[in-house]
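Chemist:
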Amino acid sequence: MLDRFNAIRSTGAKAFLGLVIASSVILVAACGNPTTGGNSSESGASTLLSCSVSANDIAPTVTSSGTATKVPGVSGKINVDGSSALAPLFTKAGAEFDAANGTTTTVTPNGSGTGLKDVESGAVNIGLSDVFAQTKATTPGQYKDLVDHQVAVVAFTLIVNNDLKGRVSNLTKADIQKIYFGQVTNWSQLGGPNELITVVNRPTTSGTRATFKQYVLDGQNEHNSGAITQDNTGAVVAAVKATPGAIGYASIGFAAQYPNDVTPICIDGAKPTATDINSGKYVFWGIEHAYTKGPATGAAKALLQYVESDQVQNNDLLALSYLQAKNLSAAAISSHTPAGAPTPEAL
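Numbering (the working numbering), first residue to last: 203 to 549.
#1: Rounded C-beta distance between Asp283 and Gly329? I'm assuming under 8 Å.
#2: Going by beta carbon distance, what residues of the same chain come within less than 7 Å of Pro342, once the five residues before and after it are set aside?
#3: Can you name the residues that DSSP bridges to Pro466?
#4: Pick out the complete beta strand (DSSP E) segments inside the stretch 370-446, 3 residues or longer, and give them in chain order.
#5: Is the beta carbon of Asn423 closer than 8 Å to that of Ala476?
#6: Let me see if you follow: with CB-CB separation under 8 Å, is Asp518 close to chain D or not?
#7: Mapping the DSSP letters down to three states, classify Lys279 as helix, strand or coil.
#8: Based on the DSSP output, what are the partners of Lys495 in its beta bridges?
#9: Which two residues bound the contiguous beta strand (DSSP E) that contains Ala448?
#10: If Asp320 sits next to His491, beta carbons under 8 Å apart, how far is it from one beta carbon to the other, in whole angstroms?
#11: Might you give, ordered along the chain, the residues of its own chain that have their beta carbon closer than 6 Å to the beta carbon of Ala429, omitting 5 neighbours on each side?
#12: Considering only DSSP beta bridges, list what Gly500 is partnered with.
#13: Considering only residues of the same chain and omitting the five flanking positions on each side of Val253, which have a CB-CB separation below 6 Å?
#14: Should Leu250 be labelled buried (16 or more other beta-carbon atoms within 10 Å of its own) or exposed?
#15: CB-CB under 8 Å to Ile210, same chain, minus the five flanking residues each way: which ones, in chain order?
#16: Can you tell me whether Glu490 is helix, strand or coil according to DSSP?
#17: Where does Thr249 fall in DSSP's three states?
#18: Would the beta-carbon of Val418 fall within 8 Å of that of Gly394?
#19: Apart from the five residues just before and just after Lys380, which ones in its own chain have a Cβ nearer than 7 Å to its Cβ?
#20: Taking all protein chains shown into account, decide if Ser523 is buried (16 or more other Cβ within 10 angstroms of its Cβ) or exposed.
#21: Mapping the DSSP letters down to three states, classify Leu525 as helix, strand or coil.
Structure (structure tokens):
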């Protein structure tokens with residue numbers, strides 16, 4: 203009888219074990235296979251492809267150039283330093299201005315922070331910045347004598363290496379923050395390919411980085427220990443182009459120049475266009491500034507007047523994929539203007 207009881211108990215145990223194993227298989231199948239460090243579900247992949255930026259979205263709307271005229275009494279050198287995102291506009295307009303006036307305009311794209319410091323110290327005539335000077339001040343009143351000239355609007359975009367084309371075309375702000383905070387290190391964690399993410403960013407002096415921090419990272423600092431830092435926008439594009447799996451950010455003018463090298467992507471399903479900016483859906487953009495120390499004078503004033511003229515605004519500016527401020531709504535401009543910002547100088 204005892205032998206019979208043991209046999210029955212053994213058979214029951216095996217049946218119970220079989221039920222546990224079967225249940226475990228069903229549970230794993232329902233939950234999906236685990237992945238290291240994140241989620242590679244179909245819903246994640248769907249989010250990555252829910253929006254895409256086409257070449258037409260960021261392409262120049264004109265190909266024409268402005269024509270400058272001679273300004274009486276203007277001569278000499280004009281030194282310009284600062285934002286690498288704004289530098290192409292002053293390089294192009296400066297060359298046209300020089301051809302008409304015999305001046306020599308030198309534009310150095312050292313970043314917004316450097317541009318503001320250099321114009322404040324008197325090292326240059328014009329300092330270019332992607333951000334309002336007051337937001338870069340480290341001491342009270344540091345830039346109080348700088349005078350603002352708002353010459354353009356620039357839309358920035360995140361860009362990825364072209365090996366991700368057709369696989370990553372949209373990111374949520376939450377996903378971008380995870381990438382730039384080092385919490386996500388492989389595209390598979392977001393539903394993309396099993397490929398390491400290389401982050402390319404700008405130095406802390408960069409106005410583009412400051413704009414990215416404020417509007418995309420919600421004011422938080424980037425802290426990805428494996429990130430590559432590049433001094434200017436062109437270098438960011440080159441680094442992203444050369445590095446499989448890389449992500450960085452640039453003005454749409456730079457991204458438009460390299461359609462076969464890097465892929466611009468949407469943020470939260472919105473594109474870097476005037477339409478999505480005016481609707482409030484797209485936030486990664488900024489007002490572009492040209493600062494002088496005190497009111498603009500001499501050749502620098504004449505150059506700024508030319509940059510603000512219809513010759514540049516309707517030609518060079520659009521040919522380089524900048525946006526005209528007049529085409530943005532008052533609500534949009536207000537959303538990117540800090541409280542207490544001085545009124546720009548009317549030239």
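Ideal placement from N, C-alpha and C gives every residue a C-beta, glycine not left out.
Note that the structure is a prediction, hence the values are computed from the model and not measured.
Modeler: In brief:
#1: 6 Å
#2: none
#3: Ile361
#4: 400-403
#5: no
#6: Absent from the structure: chain D. Only one protein chain is present.
#7: strand
#8: Leu348
#9: Ala448 to Ser453
#10: That pair is no contact at about 14 Å.
#11: Val401 and Asn403
#12: Paired residues: none, contrary to the question.
#13: Looking at the sequence itself, residue 253 is Cys, so the reference to Val does not match. Excluding residues within five positions, the ones whose Cβ falls inside 6 Å are Asn372, Cys468 and Gly471.
#14: buried
#15: For Ile210, the predicted structure reports a pLDDT of 34, less than 50, and the residue's modelled location is therefore unreliable. A value from the coordinates is still provided. For Ile210, where only same-chain residues beyond five positions count, there are no Cβ hits under 8 Å.
#16: strand
#17: helix
#18: no
#19: Val386
#20: buried
#21: strand
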